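Trainee:
Number of protein chains: 2
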Amino acid sequence: MVATPRKLQEFERREADILAAALELFSGDNWESVTVVQIADRAGIGKGTVYKHFASKDEIYARLALDFFYGLLRCCHRIQDSNDPEAEMRSAFRGALQYHREHQEYSNVRQYVFRAGFWERLSKSYIESFEKLDAEFAIWANQRIERGMDAGVFSKQPLVTVRTGLDALFNGAVSQLWGNRCWMEIEPDEYIEQVVEFAINSLKAGQVE
Amino acid sequence: MVATPRKLQEFERREADILAAALELFSGDNWESVTVVQIADRAGIGKGTVYKHFASKDEIYARLALDFFYGLLRCCHRIQDSNDPEAEMRSAFRGALQYHREHQEYSNVRQYVFRAGFWERLSKSYIESFEKLDAEFAIWANQRIERGMDAGVFSKQPLVTVRTGLDALFNGAVSQLWGNRCWMEIEPDEYIEQVVEFAINSLKAGQVE
DNA sequence: GTAATTCGTGACCGCTGGTCATATAATGAC
DNA sequence: GTCATTATATGACCAGCGGTCACGAATTAC
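Chains P and V are the protein sequences, given in the same order. Using numbering that gives the first Met the number 0, the letters of the first sequence map in sequence onto residues 0 to 208. Using numbering that gives the first Met the number 0, the letters of the second sequence map in sequence onto residues 0 to 208.
#1: Under DSSP, the alpha helix (DSSP H) around R89(V) begins and ends at which residues?
#2: For S201(V) and S26(P), which I take to be in contact (beta-carbon distance under 8 Å), what is that distance rounded to the nearest angstrom?
#3: Name the residue from E130(P), R162(P) and K203(P) whose alpha carbon lies nearest to the alpha carbon of G151(P).
#4: Note down, in chain order, every chain V residue with its Cβ under 9 Å from the Cβ of I185(P).
#5: Helix, strand or coil for I44(V)? Go by DSSP, reduced to three states.
#6: Beta-carbon within less than 6 Å of A2(V)'s beta-carbon, same chain only, minus the 5 sequence neighbours each way: which residues are those?
#7: Name the chain P residues whose beta carbon is nearer than 9 Å to that of Q175(V)?
#8: So, using beta-carbon positions, are R114(P) and R109(V) closer together than 9 Å?
#9: Less than 8 Å between C-beta atoms, sequence neighbours within five positions excluded: which residues of the same chain meet that for Q193(V)?
#10: Quick check on DSSP: helix, strand or coil for P187(V)?
#11: For Q103(V), I'd like the list of residues in its chain whose CB is within less than 8 Å of its CB, leaving aside the five on either flank, ordered along the chain.
#12: Can you tell me whether G43(P) is buried or exposed? The criterion is at least 16 other CB atoms within 10 Å of its CB, across all chains shown.
#13: Assuming L65(V) contacts A95(V) under a Cβ cut-off of 8 Å, what Cβ separation, rounded to an integer in Å, is found between them?
#14: Cβ of R114(V) less than 9 Å from any chain P Cβ?
#15: Give me, in chain order, the residues of the same chain whose beta-carbon lies closer than 7 Å to that of G45(P); leave out the 5 immediate sequence neighbours on both sides.
#16: Alpha carbons only, please: which of E119(P), E130(P), R120(P) and F92(P) is nearest the one belonging to A140(P)?
#17: Which residues of chain V have a Cβ atom closer than 8 Å to the Cβ of V194(P), listed in chain order?
#18: Is the number of C-beta pairs between the segment 78-91 of chain P and the segment 168-176 of chain P that are closer than 8 Å three or more?
#19: Is any beta-carbon of chain P found at less than 9 Å from that of Y190(V)?
#20: Could you compute how far the alpha carbon of V207(V) sits from the alpha carbon of I199(V)?
#21: What are the start and end residues of each continuous alpha helix (DSSP H) run of 4 or more residues lying completely inside the segment 106-190 of chain V, in chain order?
#22: Return the residues of the segment 86-98 of chain V that lie within a Cβ-Cβ distance of less than 7 Å from chain P, sorted by chain order.
#23: Rank D28(P), Q97(P) and F67(P) by C-alpha distance to the C-alpha of L18(P) and give the top, closest one.
#24: In chain V, which residues lie less than 9 Å from N200(P) when you measure between Cβ atoms?
#25: DSSP three-state label for Q79(P), please.
#26: Leaving out five residues before and five after Y111(V) in sequence, what residues of the same chain have Cβ atoms less than 6 Å from its Cβ?
#27: By Cβ distance below 7 Å, which residues in the same chain neighbour I78(V) in space, the five residues on each side in sequence not counted?
#28: Under a three-way DSSP split, which group does S32(P) fall into?
#29: Between M0(V) and chain P, is the shortest Cβ-Cβ distance under 9 Å, so that the two count as touching?
#30: Is it right to say F284(P) is buried, meaning 16 or more other beta carbons lie within 10 angstroms of its own, or is it exposed?
#31: Could you tell me whether the Cβ of N107(V) comes closer than 9 Å to any Cβ of chain P?
#32: Please compile the residues from chain V whose C-beta is within a distance smaller than 9 Å of the C-beta of E127(P).
#33: Beta carbon of E11(V), beta carbon of T160(P): below 9 Å?
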């Protein structure tokens with residue numbers, strides 16, 4: 000028998016309920032000890048039902064992370080093209096960091112999926128989704144950097160140096176923004192500006208002003 | 000009754016055995032599912048004995064991480080003072096990254112202790128140890144940067160900008176070097192050079208050569 | 001030699017993520 | 001409207017986890 004719209008609709012609604020419940024619990028204080036039963040209870044369904052939608056607890060995390068990163072990509076694509084590559088880069092870097100700041104509820108999800116061992120356990124289809132995401136982001140980033148170099152605004156450097164550095168800087172900054180070891184006595188907005196400044200400095204290094 | 004040297008010696012030897020066993024297991028493939036029983040077995044002792052030395056499994060991780068970071072600090076202090084702040088900074092940044100590369104067996108330990116929630120569970124004395132470590136490292140780093148600025152080799156910038164950026168860059172680079180999502184098609188040694196280059200570029204930005 | 005004391009031990013506990021036989025309810029042929 | 005069919009929800013159940021603790025072996029003190 001083919002699933003009817005009625006049933007399908009309810010099924011999908013449940014999935015959304017599970018994801019919403021999981022995100023709420025994962026963003027709480029004791030997210031490390033969130034159990035499948037808690038997620039099921041909050042979604043108003045039985046524990047077994049969760050496993051009709053996700054093969055494991057990890058897959059719930061993976062799904063939430065995917066949603067988050069696709070949101071980030073959309074956020075990046077929203078940056079307008081202009082004739083000022085530096086301002087564009089500033090805006091993109093700042094925007095991406097702000098996106099993370101505004102969606103702190105995904106902080107623990109991101110940390111969880113970046114743990115070593117997570118990808119080994121993940122099913123192939125999810126891994127492919129993440130790889131596709133990486134590729135799309137790489138295209139977008141490379142274009143921006145190359146345009147800036149061609150315009151003479153950024154110093155000519157091997158693309159790999161710049162991408163490597165920007166990537167490390169960005170990830171480190173996100174960890175700091177979200178990390179629980181916030182030894183830095185600085186406001187998030189101010190922190191983001193500092194990091195953007197640092198990034199642009201490195202992109203322009205060697206240029207005589 | 001006071002513990003005799005004989006007993007104390009054996010006790011300490013056991014502690015070393017536990018740490019060595021734990022590090023071996025944590026650096027393996029399925030480190031996420033390492034159990035206390037496995038650690039005890041490999042150390043050749045009973046499970047209960049582990050808890051005579053460490054209040055929890057987390058404390059074993061914390062102890063290993065402390066050892067690792069103190070090694071890093073010693074590694075930094077070994078850098079010779081010279082009249083060339085840029086070469087000094089290059090050497091320090093490169094050395095610290097190489098130290099991580101050479102001690103990949105601590106990769107999972109570092110990832111584990113940087114998880115949100117880890118510090119909340121950790122006992123006060125361990126937290127103090129980590130804070131002391133942070134402070135010592137900050138002193139060392141600030142001195143190097145300020146010396147470079149005073150000598151006119153690095154451009155004058157607020158110390159917070161530089162520290163912020165360098166810190167984020169460094170942590171991001173370590174994650175990349177150790178991360179399991181190694182999408183970057185680049186050799187570690189080459190990667191380190193690129194990151195060092197990126198860091199120095201940002202430190203010198205604005206300087207006319 | 002023997003009593004006192006320390007320390008290692010593994011059976012045990014509460015709880016977890018994940019499974020599966022069963023109960024339930026929506027569906028469509030008549 | 002009725003009822004056989006079938007997709008779906010469920011929670012008792014399982015193996016295994018981190019952590020505890022009463023007990024016994026081994027060492028010390030005298």
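Ideal Cβ placement from N, Cα and C applies to all residues, glycine included. Keep in mind the model is a prediction, meaning the values are calculated, not measured.
Mentor: Let me lay it out:
#1: P84 to E101
#2: Not a contact, Cβ separation roughly 33 Å.
#3: K203(P)
#4: V159 and T163
#5: coil
#6: Residue confidence is low: A2(V) scores 49 on pLDDT, short of 50, so the model does not pin down where it sits. Its coordinate-derived value is still stated next. Hits under 6 Å: none found.
#7: T163, D166, A167 and N170
#8: no
#9: I185
#10: helix
#11: S26 and W177
#12: exposed
#13: Actually they do not touch by this definition, with Cβ atoms about 17 Å apart.
#14: yes
#15: A39
#16: F92(P)
#17: T163, G164 and A167
#18: no
#19: yes
#20: In this predicted model, V207(V) has a pLDDT of only 42, less than 50, meaning its place in the structure is not dependable enough to derive any value.
#21: 106-112, 117-120, 123-149 and 158-177
#22: none
#23: F67(P)
#24: S154, Q156, T160, G164, N200, S201, L202, K203, A204 and G205
#25: coil
#26: Y60
#27: E87, S90, A91 and G94
#28: helix
#29: With a pLDDT of 47 at M0(V), under the threshold of 50, the modelled position of that residue is not reliable, and the figure given next carries that caveat. Chain P contact via Cβ: absent.
#30: Because residue 284(P) is not part of the residues shown, which for chain P are 0 to 208, the question remains open.
#31: yes
#32: In chain order: nothing, as chain V lies at least about 13 Å away.
#33: no
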